[in-house]
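Asker: First the structure, which I've put down as structure tokens, then a few questions once you've had a look.
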Amino acid sequence: MTDIPDELIKLERSAEVERAKLAGLTGGEYDAQLSRWRTASEAVQAAITKHVAAAGVNRYELEQAVKEAVRHGHEDPAAE
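In this text, residue positions in the sequence shown follow the UniProt record's numbering: the first is 1, and each later residue adds one.
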């Protein structure tokens, strides 16, 4: 898979940033951040579902390509 929409990269990067913010949190702060991460992750999944339906691509391959592009890119999304 070579053509990954920029919007999917942006959404996945946002979800990764929210996930990274969970580190070291406890109690209510953790619960609130977990909710933000889940919301961001749900946005990624909804966008992937929409793209798969429109483009007729393999969902698994698209998800893996998006994750790889974000996690193995030039910058660490968790460091933002």
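For each residue, glycine too, the CB sits at the ideal point set by N, CA and C.
Rounding to the nearest angstrom, what Cα-Cα distance links residue 72 and residue 10 in this structure?
Answerer: Along the sequence shown, read from residue 1 onward, the residue named residue 72 stands at position 72. Along the sequence shown, read from residue 1 onward, the residue named residue 10 stands at position 10. One C-alpha to the other measures close to 14 Å.
Asker: Taking the alpha carbon of residue 12 as the point to measure from, which residue in 24, 51, 45, 27 has its own alpha carbon closest?
Answerer: On the sequence shown, residue 12 is found 12 positions in, with the first residue counted as 1. When only C-alpha atoms are compared, the closest one is 45.
Asker: Could you work out which residue in 57, 19, 68 is closest to residue 39 when comparing CA atoms only?
Answerer: To locate residue 39, count along the sequence shown from 1; it is residue 39. Of the candidates 57, 19, 68, the one whose C-alpha sits nearest the C-alpha of residue 39 is 19.
Asker: What whole-angstrom Cβ distance do residue 59 and residue 70 have, given they're in contact under 8 Å?
Answerer: The count along the sequence shown starts at 1 and reaches residue 59 at position 59. The count along the sequence shown starts at 1 and reaches residue 70 at position 70. Not a contact, Cβ separation roughly 17 Å.
Asker: Go through its chain and collect everything with a Cβ distance to residue 34's Cβ below 7 Å, but skip five positions before and after it.
Answerer: For the purposes of this step, residue 34 is identified with residue 34 of the sequence shown, where counting begins at 1. Hits under 7 Å: 22.
Asker: Secondary structure at residue 50, three-state DSSP: helix, strand or coil?
Answerer: As a first step, residue 50 must be located in the sequence shown, where it is residue number 50. Here residue 50 sits in helix by DSSP.
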